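Now the structure itself:
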């Protein structure tokens, strides 16, 4: 209980101190947390808790980071999911991972409010880390998927421009945030951008438009169920964008639209029918763990009871787009001892945060 109270107090302080990017400039003058990067167990919420053996050094070694690492994919999806839950969940997650200067915006906007369209909710966070005697500024940016009418309008509007306006607005906000971090330059800033669904398309556009924030090999974009998006000349540049990773479910229709735009980077496509027997068993175990029901039996994916009494086919469409489905695919490939699902102490600690 004492730990929860301390975390809640820290969260309230963060919200009060970092209410807007402009306020960060003064705060960042005297706040710096340095830590040597080394593997450690971290506990993160995703409906139910995940315990992951993790180190941010993955992002500090570009050559290594280009190798597919399911742990990095898990961290990115956890951040994306937290952003979709609420600003409180996202901020609590970043604070629990030792980040400072946590800032969120556009979570609570009136329906059809003009400045809420093409302005997806987002959370930014920063922490300074040391490796081999050098200080790096790790900046994480996560963008919310579709959960409101404003988001749905942004989706429809973005069919024409490939999410460019929404991505440009978010990229400008992120640039303002990073400029407020004392000592951060494009050579020592590590940028990790992530999102699911609408948030994924926006994250990819943001990754494209933030070349001035971090160098190419220090800019990482991990997205899930991403629609196609405006790529400009990057689609034909010849540069493979090896740190842009998109995870797609072959049965999910969302990543196929809008058809007039492409994607860049490396795309990993999961297919439930193509999983090995062992992988399918791990997928089923993970999905039941996160959702409390077997995959094929999940007839109420969005928790509103609508699909349960209307159209089973719609339930299947929504189920294939769920963050929990993508997480189960990723977990199905992680076979070593770097991941643990389920821990009584961890579950008790995070139950309250996840419910909120």
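Numbering (our numbering), first residue to last: 1367 to 1722. Glycine is no exception: its CB is placed at the ideal position from the N, C-alpha and C atoms. Here the structure is a predicted model, which is why all the values come from computation and not from measurement.
Rounded Cβ spacing between residue i and residue j (contact assumed at less than 8 Å)
i: residue 1571; j: residue 1596; result: 6 Å
i: residue 1564; j: residue 1517; result: 6 Å
i: residue 1591; j: residue 1413; result: Wrong, their Cβ atoms sit about 16 Å apart, outside the cutoff.
i: residue 1487; j: residue 1502; result: Going by Cβ atoms, the distance from residue 1487 to residue 1502 rounds to 27 Å, so no, they are not a contact pair.
i: residue 1608; j: residue 1632; result: 7 Å
i: residue 1519; j: residue 1556; result: Rounded, the Cβ-Cβ distance is 34 Å, inconsistent with contact.
i: residue 1660; j: residue 1650; result: 7 Å
i: residue 1533; j: residue 1450; result: Residue 1533 to residue 1450, Cβ: 18 Å. No contact.
i: residue 1594; j: residue 1692; result: Between residue 1692 and residue 1594 the Cβ distance is about 17 Å, and since that is not below 8 Å, they are no contact.
i: residue 1706; j: residue 1437; result: No, residue 1706 and residue 1437 are not in contact; Cβ-Cβ is about 12 Å, not under 8 Å.
i: residue 1600; j: residue 1630; result: 5 Å
i: residue 1446; j: residue 1573; result: With a Cβ gap of about 14 Å, residue 1446 and residue 1573 do not count as contacting.
Candidates the options, of which the one nearest residue i by Cα
i: residue 1471; options: 1509, 1643 and 1697; result: 1509
i: residue 1435; options: 1612, 1663 and 1680; result: 1612
i: residue 1647; options: 1700, 1415 and 1617; result: 1700
i: residue 1421; options: 1415, 1404, 1483 and 1411; result: 1404
i: residue 1498; options: 1599, 1426 and 1543; result: 1426
i: residue 1448; options: 1411, 1482 and 1418; result: 1411
i: residue 1546; options: 1442, 1515, 1406 and 1467; result: 1467
i: residue 1636; options: 1697, 1677, 1556 and 1625; result: 1697
i: residue 1811; options: 1630, 1694, 1492 and 1629; result: An answer regarding residue 1811 cannot be provided, because it is not within the stretch 1367 to 1722 covered by the chain.
i: residue 1443; options: 1406, 1645, 1569 and 1678; result: 1569
i: residue 1493; options: 1640, 1544, 1523 and 1680; result: 1544
i: residue 1617; options: 1513, 1652, 1601 and 1680; result: 1680
i: residue 1566; options: 1536, 1408, 1419 and 1541; result: 1536
i: residue 1490; options: 1524, 1640 and 1541; result: 1541
i: residue 1669; options: 1513, 1485, 1469 and 1409; result: 1513
i: residue 1423; options: 1548, 1684, 1455 and 1500; result: 1500
DSSP state of residue i mapped onto helix, strand, coil
i: residue 1446; result: helix
i: residue 1412; result: strand
i: residue 1591; result: coil
i: residue 1531; result: helix
i: residue 1356; result: One cannot answer for residue 1356 here, as it falls past the ends of the chain, which runs 1367 to 1722.
i: residue 1619; result: coil
i: residue 1581; result: coil
i: residue 1465; result: coil
i: residue 1561; result: strand
i: residue 1524; result: helix
i: residue 1655; result: helix
i: residue 1491; result: strand
i: residue 1458; result: helix
i: residue 1387; result: Confidence in residue 1387 is poor, its pLDDT being 41 and thus under 50, which makes the residue's placement too unreliable to answer from.
i: residue 1675; result: Confidence at residue 1675 is low in this model, with a pLDDT of 47, below 50, so the placement of that residue should be treated as unreliable; the coordinate-derived value is given next. Correct three-state label for residue 1675: helix.
i: residue 1509; result: strand
i: residue 1638; result: helix
i: residue 1542; result: helix
i: residue 1660; result: coil
i: residue 1453; result: helix
i: residue 1556; result: strand
i: residue 1644; result: helix
i: residue 1576; result: coil
i: residue 1514; result: coil
i: residue 1632; result: strand
Heavy atom of the ligand ATP within 8 Å of residue i beta-carbon
i: residue 1613; result: Only the bare structure without any ligand can be found here, which leaves the ligand ATP out of the picture.
Self-check item: Cβ contact (3+ pairs, closer than 8 Å) linking the segment 1574–1594 and the segment 1648–1662
Solution: no
Quiz prompt | the segment 1449–1463 touching the segment 1620–1631, judged by at least three CB pairs closer than 8 Å | solution = no
Quiz prompt | Ranges of the alpha helix (DSSP H) found wholly within the segment 1681–1711, counting only runs of at least 4 | solution = 1689–1699
Quiz item: Are three or more beta carbon pairs between the segment 1574–1584 and the segment 1539–1555 nearer than 8 Å?
Solution: yes
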